[in-house]
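See below for the structure under consideration.
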Amino acid sequence: MITSVEQANADDLCITGVELKQLKTFPDDRGFFRELVRHNDPFFADRFAQWSHSKMGHNTVKAWHYHHLQIDWWYLGVGVIEVVLYDNREESPTYQRKMEFKLGDAELDSDALAAVVKIPQGVLHGLKVVTDCAHLFYITSETYNPQDEGRFKFDSELVPHNWGDPGKLTVAENDRKDFVPTNERTALAV
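With this note's numbering, the residue at position 8 of the sequence shown is 95, and numbering never jumps.
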């Protein structure tokens, strides 16, 4: 398990194209201020298309998703999640490398990173909520297109990862089946 942004960005642990940006937090007696991304930040150089918010309960698992056109930037505003990334791009120098880390509030879990993670095209991504609830805010480089989002079952043997007792997990029906995009532009990269 990766426990620091520096460790996550190290060449021997990182997946090609995945980046974590350490965030600066400015606390005071009211709470804190934290800047996430700026349009002129090199970390955020790809175009912005959509900003979304997902509220999830304890033991929710969302996995394995991938995109051919879309880049994701994830930030966890409330709670803690376990993030697992898997490089499924055969042409990548980090093909079949897996990254695991916690994202979120370090006051709830000392291993959680206060960071934004950039997930490039072709990298399988999944998460599990480890606190009572979690709020994931994510920006995407493309507007949602169901023909760009591929999926493998959350418990697929493709990815060497176990989310825990399936009877205790909350998993959507879409995450219990495989889906290969049919859009010609995206299906070519499968």
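Built from N, CA and C at the ideal position, the CB exists for glycine as well.
(request) Check the DSSP bridge columns for W160 and list the partner residues they point to. (result) Its beta-bridge partners are K205, I226.
(request) Would you kindly work out how many angstroms separate the C-alpha atoms of E229 and D128, rounded to a whole number? (result) Taking the Cα positions, E229 is about 18 Å away from D128.
(message) Suppose the cutoff is 6 Å on Cβ atoms and the five residues either side in sequence are ignored; what does the same chain contact list for L123 look like?
(response) In chain order, Y162, V203 place their CB closer than 6 Å to the CB of L123, counting only its own chain and leaving out the 5 sequence neighbours on each side.
(request) Note down the Cα distance separating A150 from N96, rounded to an integer number of angstroms. (result) Near 22 Å, if we compare the C-alpha coordinates of N96 and A150.
(request) Going by CA-CA distance only, name the one from P247, K142, D99, K215 that's closest to L190. (result) Per the C-alpha coordinates, the member of P247, K142, D99, K215 positioned closest to L190 is K215.
(request) Pick out whichever of N146, V210, P268 has its Cα sitting closest to the Cα of Q183. (result) Ranking the options by Cα distance to Q183, first place goes to V210.
(message) Give me the residue from H248, L200, L100 with the minimum Cα distance to V165.
(response) The shortest Cα separation from V165 among H248, L200, L100 belongs to L200.
(message) Could you compute how far the alpha carbon of C220 sits from the alpha carbon of R176?
(response) Cα to Cα, the separation comes out at about 32 Å.
(request) Rounded to whole angstroms, what's the CA-CA distance from P268 to M88? Just pull it up for me. (result) Just so you know, the alpha carbons of P268 and M88 end up roughly 31 Å apart.
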